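Residue numbers (my numbering): 11 to 154. Here is the structure we will look at.
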Amino acid sequence: MTTKPIYILNGPNLNRLGTREPEIYGKTTLAEVEAMCRAEAGAGPVEFRQTNSETQLIDWVHEAIDRGAGIIINPAAYTFTSLALLDALKMFPGPIVELHISNIHKREPMYHHSLVSKTATAVIAGLGAKGYVVALRAMRDLLA
Ligand code: CA2
Numbered sequence: 011m012t013t014k015p016i017y018i019l020n021g022p023n024l025n026r027l028g029t030r031e032p033e034i035y036g037k038t039t040l041a042e043v044e045a046m047c048r049a050e051a052g053a054g055p056v057e058f059r060q061t062n063s064e065t066q067l068i069d070w071v072h073e074a075i076d077r078g079a080g081i082i083i084n085p086a087a088y089t090f091t092s093l094a095l096l097d098a099l100k101m102f103p104g105p106i107v108e109l110h111i112s113n114i115h116k117r118e119p120m121y122h123h124s125l126v127s128k129t130a131t132a133v134i135a136g137l138g139a140k141g142y143v144v145a146l147r148a149m150r151d152l153l154a
């Protein structure tokens, strides 16, 4: 197992997880998601973060480029809008798992075209909060 951290980055509005639209996003809060990730990672280092700012998200990708083993990212709405985030992720030399709690392809057309997928090693969507645990397992395999 690598000693470099796995970055788990979360985009806008995900700090409100578990408070609204449970039929789409479930009832699990982001703090509970973080606890699930830490339990799954065990002693493996994890940087779990959330921001509502595109700039901050990009700065964290830059940080991961300098010191991260892998990136798991739920970019939320920036999935569909941010060429700047795509450009930053393109610079990351390791595996990238794009993650969505909901199945974006089952939803309205505006949620169908991910820019981030162009640089993702793998995409997970529709598994709810458990998708984060699945993403961590997949990341471990990708890094092995
Ligand atoms: O399913 C996902 O994880 C998404 O990335 C969530 C984004 C949405 O723009 C993507 O299409 C799919 C939206 C996050 C909104 O966060 C909420 C948190 C609590 C309640 C409602 C929305």
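Don't be surprised by glycine CBs; every beta carbon is placed ideally from N, CA and C. If you're wondering where the values come from, they're calculated on a predicted model, not measured in any experiment.
Which of helix, strand or coil DSSP assigns to residue i
i: Leu67; result: helix
i: Leu152; result: helix
i: Leu19; result: strand
i: Phe58; result: strand
i: His110; result: strand
i: Gly78; result: coil
i: Ala51; result: helix
i: Ala10; result: Not covered by the structure: residue 10. The range shown for the chain is 11 to 154.
i: Met11; result: In this predicted model, Met11 has a pLDDT of only 47, less than 50, meaning its place in the structure is not dependable; the value taken from the coordinates is given anyway. If DSSP states are grouped into helix, strand and coil, Met11 belongs with coil.
Pairwise C-alpha distance: residue j and residue i
i: Pro22; j: Ser92; result: 12 Å
i: Thr39; j: Asp151; result: 26 Å
i: Ile134; j: Leu146; result: 11 Å
i: Ala79; j: Ile68; result: 16 Å
i: Ser124; j: Thr89; result: 5 Å
i: Thr29; j: Tyr35; result: 9 Å
i: Ala74; j: Met149; result: 14 Å
i: Asn113; j: Pro119; result: 12 Å
i: Pro32; j: Lys14; result: 34 Å
i: Met11; j: Gly138; result: Here the model assigns Met11 a pLDDT of 47, short of 50, so the residue's position is not dependable and the matter cannot be decided.
Cβ-Cβ distance between residue i and residue j below 8 Å
i: Phe102; j: Val56; result: no
i: Asp86; j: Leu27; result: For the record, residue 86 in the displayed sequence is Ala; it is not Asp. Result no, Cβ atoms of Ala86 and Leu27 do not sit closer than 8 Å.
i: Ile18; j: Tyr121; result: no
i: Thr129; j: Val107; result: no
i: Phe58; j: Glu44; result: yes
Sheet register partners of residue i (DSSP bridge)
i: Asn84; result: Asn20
i: Ala132; result: Val107
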